[in-house]
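J.: First residue of the sequence shown? That's 10 in the working numbering, and the numbers climb one at a time after it. Glycine residues also receive a C-beta, built at the ideal position from the N, C-alpha and C atoms.
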Amino acid sequence: MVRSVLAVIVSYILMFILQVAAFMTIYTMMGADWSFKPASYQASTRWNVMQFVVIFVTAAIAGLICAVIARGGKAPLVLAAVVLVLGLALAASHTATQPADTHELRTGNVSNMDAMNKARHPAWVIFLGPVIGAVGVVIGGRLKRKA
Numbered sequence: 010m011v012r013s014v015l016a017v018i019v020s021y022i023l024m025f026i027l028q029v030a031a032f033m034t035i036y037t038m039m040g041a042d043w044s045f046k047p048a049s050y051q052a053s054t055r056w057n058v059m060q061f062v063v064i065f066v067t068a069a070i071a072g073l074i075c076a077v078i079a080r081g082g083k084a085p086l087v088l089a090a091v092v093l094v095l096g097l098a099l100a101a102s103h104t105a106t107q108p109a110d111t112h113e114l115r116t117g118n119v120s121n122m123d124a125m126n127k128a129r130h131p132a133w134v135i136f137l138g139p140v141i142g143a144v145g146v147v148i149g150g151r152l153k154r155k156a
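1) Span of the alpha helix (DSSP H) holding A109?
2) How many angstroms separate the CA atom of I22 from the CA atom of A128?
3) Going along the chain, which residues of its own chain have a beta-carbon closer than 7 Å to the beta-carbon of P139, five neighbours each way excluded?
4) Relative to the C-alpha of M125, which residue among A52, V11, A16, V17 is closest?
5) Cα separation between I135 and A109?
6) Taking all protein chains shown into account, decide if I26 is buried (16 or more other Cβ within 10 angstroms of its Cβ) or exposed.
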């Protein structure tokens with residue numbers, strides 16, 4: 010039981026760290042013009058697609074790590090539930106507190122921190138992320154069984 014709880018916690022933290030590192034690296038490499046629609050802080054379609062890929066891959070890695078640490082069992086399913094519930098709660102909080110568009114014009118280079126704070130995504134993107142994450146965790150958790 011303790012091993013399963015530890016597996017869920019460690020895997021969730023790992024997933025978070027991997028996602029932050031991936032998003033910061035991709036933004037640094039690709040830049041603001043690739044990441045945002047012209048002259049705005051609305052995320053580009055390319056960014057949204059890439060975001061879903063990063064979420065899925067990092068969640069699958071977390072699911073696999075969770076299964077390895079827990080040595081099987083239902084821990085990956087618990088992790089998937091945590092990813093889904095926390096993700097949807099954060100999505101609801103975000104959409105309730107952040108305007109969909111600030112109509113602020115983006116000019117020149119934008120730092121990673123400004124990009125994170127000012128970026129805007131459609132609500133469906135915000136709510137689909139946790140679903141993709143939960144599916145990724147389940148698939149990653151099943152990879153352990155095949156190995």
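T.: Taking the structure as given:
1) Note, A109: premise wrong, no alpha helix (DSSP H); not H, not E.
2) The alpha-carbon atoms of I22 and A128 are separated by roughly 23 Å.
3) Excluding positions up to five away in sequence, the list reads V92, L93, G96, L97, A100.
4) It is A52 whose Cα lies nearest to the Cα of M125.
5) If I take the Cα positions, the gap works out to 11 Å.
6) By the 10 Å Cβ count, I26 comes out exposed.
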